[in-house]
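Below is one structure, written out as structure tokens; the observations come after it.
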Amino acid sequence: MNTSKKGAVAEYMAANWLLSKGYEVFKNLTPTGKVDIIAWKGEEMHLIDVALCSRSKRTGGYSDNKKGVAESNAHLGIKILCVLDTGDCVWRDDLFKSFPDKKCHQCGNTFTPTKGNEVVCGDNCRRLWVAKMNKDRYNARKSLP
Ligand SMILES: [Zn+2]
370 MNTSKKGAVA EYMAANWLLS KGYEVFKNLT PTGKVDIIAW KGEEMHLIDV
420 ALCSRSKRTG GYSDNKKGVA ESNAHLGIKI LCVLDTGDCV WRDDLFKSFP
470 DKKCHQCGNT FTPTKGNEVV CGDNCRRLWV AKMNKDRYNA RKSLP
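When you number the sequence shown by the numbering used here, it's gap-free, plus one each residue, and the end is 514.
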């Protein structure tokens, strides 16, 4: 499936999820624009940008390509709704802020973990960190009497 079809499928999955939560759902008539869906329930109204989100089999962490969009559109009140591989939907804020910021064990930068036991900020630091751990383990074994 091409990217624009995947995007369309994600939007319908998001709409379906919102309907099942009791929202009235209004969809953008064009494939472009900052907002894909407006959802309305009682006093609550959300301007929604739908994002496909994938989960790494190796790390269990989530990723999408919406970090920059999320930051530049936050002041407009636009919320990003992530459609996961499983078909479930999660507000991006809940997905990426479920754990408090930490300091990366490798580079020392602050990062927002996407799962509880994450100790490094990204793939590059993970590689270096794992290499260091393996070296430490090797040296510890070597120094045994
Ligand atoms: Zn790092």
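A virtual CB, placed ideally from N, CA and C, is assigned to each residue, including glycine.
Item                                                                                                    : Value
TYR381 burial status per 10 Å Cβ neighbour count (16 or more: buried)                                   : exposed
Secondary structure of LEU497, DSSP reduced to three states                                             : helix
Check: VAL499 C-beta below 8 Å from any heavy atom of ligand 1                                          : no
MET370 - DSSP class collapsed to helix/strand/coil                                                      : coil
Any non-hydrogen atom of ligand 1 closer than 8 Å to GLY491 Cβ                                          : yes
Contact under 9 Å by Cβ, LEU421 with VAL394                                                             : no
Contiguous beta strand (DSSP E) assignments of at least 3 residues, all confined to the segment 397-425 : 406-410, 413-421
Beta-carbon proximity check, PHE465 vs THR479, cutoff 9 Å                                               : no
Whole-number beta carbon distance between ILE449 and LYS435, since they are thought to touch under 8 Å  : 5 Å
Those residues which DSSP pairs with TYR431 across a bridge                                             : ARG424
7 Å Cβ shell around SER425 - same chain, five flanking residues per side excluded                       : SER432
As assigned by DSSP and simplified to three states, the class of GLU393                                 : strand
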